[in-house]
Amino acid sequence: MIDAPARGAGASNPPAEPLLALRGVTKRFGGAVALDGVDFELAPGEIHGLLGENGAGKSTLMKILSGVHKPDEGEITLHGQVVRFGAPAEAQAHGIGMIYQELSTISQLTVAENVFLGRQPLNRAGLIDWKRMNAEAAAHLREFGIELDVTARVGDLALGAQQLVEIARVVFSGADVIILDEPTSALSVPEAERLFSSMREFKARGKSLIFISHFLEDVMAVADRVTILKNARKVATLANNGLTKARLIELMIGHDAATLGASYEQSVTLPPPSDTQAVLEVDGLSATGAFQEINVTVRASEIVAIYGFLGAGMTEVARALFGQIRPDAGTVRLDGRLVRIRSSRDAKR
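Sequential numbering from 1313 applies to the sequence shown in this note's numbering.
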């Protein structure tokens, strides 16, 4: 197991007393071990990335921290005191909030109503003080660099903006620890950048964030430290200081990605190409920092799989073909016709 102090992304070395610590956490579901003696620390004002393949234990660890599951062994300390959570409400009462992939915002309500859900200010008559609520919601959002019309219905906002409303609701409810589970999985590049900017602002105001993601570039862009889980165990905690995607992949899968990929490729016998017409032809498609020289041909009545290790760029290629990432080079042809896909609307047409 590897540990290193945090020095990346603007963080100072973590204090001797972490804000939050999980020690020797073990969780079993029947005969399956979901977590095996895992340690995890979070410093005040830190963005901490949590990585691992599917089934590594990331979600289970965070569900224990957020009160969804109880550990079979181990302990949690917060501000140096041992805490035990029997339910999510108990974790929330201790200032721990979790943002799931499936947002819990209410689309029919306004931004301000969602931010103050269950805590709406009342006037002397015992009715909701709309003017005060809207003013306070706008002020709170601006404090963290979020500019939104607080009277707009959340359902009318882009997904990235809805996510910011959800995070704001958790922060303004008093959370000091914010857990983000795959927050960029459905966001466009500009939306993700906006989220990262808000995360940095939350961090600057003393909030601590745990960032779970399969997108290695996203974690490397904002995290101060990164913890990697594999097969229910902690493999390493590393400072985000000169980390490479190749190193992270190696720790997650336990092998050098390039070597493993080469041996796998040699063991596969590809079927002969179909003689049906090519519907989609991708030639030399590249996007800086995401993927390079991608060539794909999809023929009529054919299913083509794009496979790779976490962070290899499969999702980014799909997003480029759907207009969410602007490639730097390469061409795309549909039914033999050269097309330029600048947006999701172009792709749908």
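For each residue, glycine too, the CB sits at the ideal point set by N, CA and C.
Which residue wins for smallest C-alpha separation from residue i, given the options the options?
| i | options | result |
| --- | --- | --- |
| Asn1366 | Glu1494, Ser1419, Val1380 and Gly1398 | Glu1494 |
| Leu1507 | Gly1472, Ala1498, Lys1443 and Val1538 | Gly1472 |
| Tyr1412 | Val1482, Lys1546 and Asp1461 | Val1482 |
| Ile1259 | Arg1545, Ala1544, Val1534 and Glu1529 | The structure shown does not extend to residue 1259, since the chain is modelled only from 1313 through 1661, so no value can be given for it. |
| Val1380 | Ser1371, Gly1386 and Glu1387 | Ser1371 |
| Gly1357 | Pro1330, Glu1614 and Gly1364 | Pro1330 |
| Ala1405 | Gly1386, Phe1484, Phe1341 and Ala1470 | Phe1484 |
| Ala1447 | Arg1436, Leu1597, Leu1476 and Gln1432 | Gln1432 |
| Ala1346 | Leu1332, Ala1333 and Pro1383 | Pro1383 |
| Ala1355 | Ser1520, Ile1606, Arg1645 and Trp1442 | Ser1520 |
| Gly1554 | Ile1565, Leu1563 and Met1532 | Met1532 |
| Asp1348 | Glu1385, Leu1332 and Arg1611 | Glu1385 |
| Gly1364 | Ala1632, Arg1638, Glu1628 and His1526 | His1526 |
| Gly1566 | Lys1557, Asn1552, Lys1542 and Asp1640 | Lys1542 |
| Ser1416 | Phe1634, Ile1479, Gly1625 and Met1626 | Ile1479 |
| Asp1351 | Gly1336, Val1534, Thr1496 and Gly1343 | Gly1336 |
| Asp1587 | Ala1602, Glu1614 and Asn1607 | Glu1614 |
| Glu1605 | Ala1617, Asp1640 and Lys1375 | Asp1640 |
| Gln1474 | Thr1422, Ala1450 and Asp1595 | Thr1422 |
| Gly1642 | Gly1625, Arg1661, Val1616 and Phe1603 | Phe1603 |
| Leu1563 | Glu1353, Leu1362, Leu1334 and Lys1339 | Leu1362 |
| Ala1599 | Ala1612, Arg1611, Leu1633 and Ile1618 | Leu1633 |
| Arg1649 | Met1626, Asp1595 and Ile1618 | Asp1595 |
| Ser1497 | Ala1535, Glu1414, Ile1522 and Lys1546 | Glu1414 |
| Ala1504 | Glu1628, Ala1451 and Leu1439 | Glu1628 |
| Val1394 | Phe1341, Thr1556 and Ala1333 | Ala1333 |
| Arg1517 | Arg1454, Ala1659 and Arg1340 | Arg1454 |
| Met1410 | Arg1444, Arg1559, Lys1375 and His1452 | Lys1375 |
| Asp1647 | Arg1638, Ala1612 and Ser1655 | Ala1612 |
| Glu1353 | Leu1476, Ala1551 and Gly1430 | Ala1551 |
Tell me the DSSP secondary structure of residue i in three-state form.
| i | result |
| --- | --- |
| Asp1595 | strand |
| Gly1413 | The sequence shown places Gln at residue 1413, not Gly. Coil. |
| Arg1657 | helix |
| Leu1434 | strand |
| Gln1404 | helix |
| Leu1373 | helix |
| Ser1575 | Note that Ser1575 scores a pLDDT of 47, beneath 50, so its modelled location is shaky; the value from the coordinates is reported in the next line. Here Ser1575 sits in helix by DSSP. |
| Ala1617 | coil |
| Ala1424 | helix |
| Ile1561 | helix |
| Glu1628 | helix |
| Leu1331 | coil |
| Leu1439 | coil |
| Pro1326 | Model confidence at Pro1326 stands at a pLDDT of 49, short of 50, so the residue's coordinates are unreliable and nothing is read from them. |
| Leu1429 | coil |
How close, in whole Å, do the beta carbons of residue i and residue j come, if the pair is a contact with beta carbons under 8 Å?
| i | j | result |
| --- | --- | --- |
| Gln1636 | Ser1500 | 5 Å |
| Ala1548 | Gly1369 | The pair is not a contact, with the Cβ atoms about 14 Å apart (cut-off 8 Å). |
| Ile1524 | Leu1492 | 7 Å |
| Ile1388 | Leu1377 | 7 Å |
| Glu1593 | Arg1645 | 4 Å |
| His1391 | Arg1537 | That pair is no contact at about 19 Å. |
| Ala1630 | Thr1609 | About 16 Å separates the two Cβ atoms, so there is no contact after all. |
| Ser1419 | Val1466 | 5 Å |
Step through the CB atoms of chain D and report whether any lies within less than 8 Å of the CB of residue i.
| i | result |
| --- | --- |
| Glu1628 | This model lacks chain D altogether; it includes just one protein chain. |
* To do: Kindly provide the ranges of any beta strand (DSSP E) runs that are 3 or more residues long and lie completely inside the segment 1510-1556, ordered along the chain.
  => 1520-1524, 1537-1542 and 1545-1551
* Asked: Counting only runs that start and end within the segment 1441-1514, where is the beta strand (DSSP E) found for 3 or more residues in a row?
  -> 1489-1493
* If you pair each beta-carbon of the segment 1484-1492 with each one of the segment 1457-1468, do three or more pairs fall below 8 Å? -> no
* To do: Check whether the segment 1424-1434 touches the segment 1394-1409, taking contact to mean three or more Cβ pairs, one atom from each stretch, closer than 8 Å.
  => no
* To do: Would you list, in sequence order, the uninterrupted beta strand (DSSP E) runs of no fewer than 3 residues that lie entirely inside the segment 1336-1385?
  => 1344-1354 and 1359-1363
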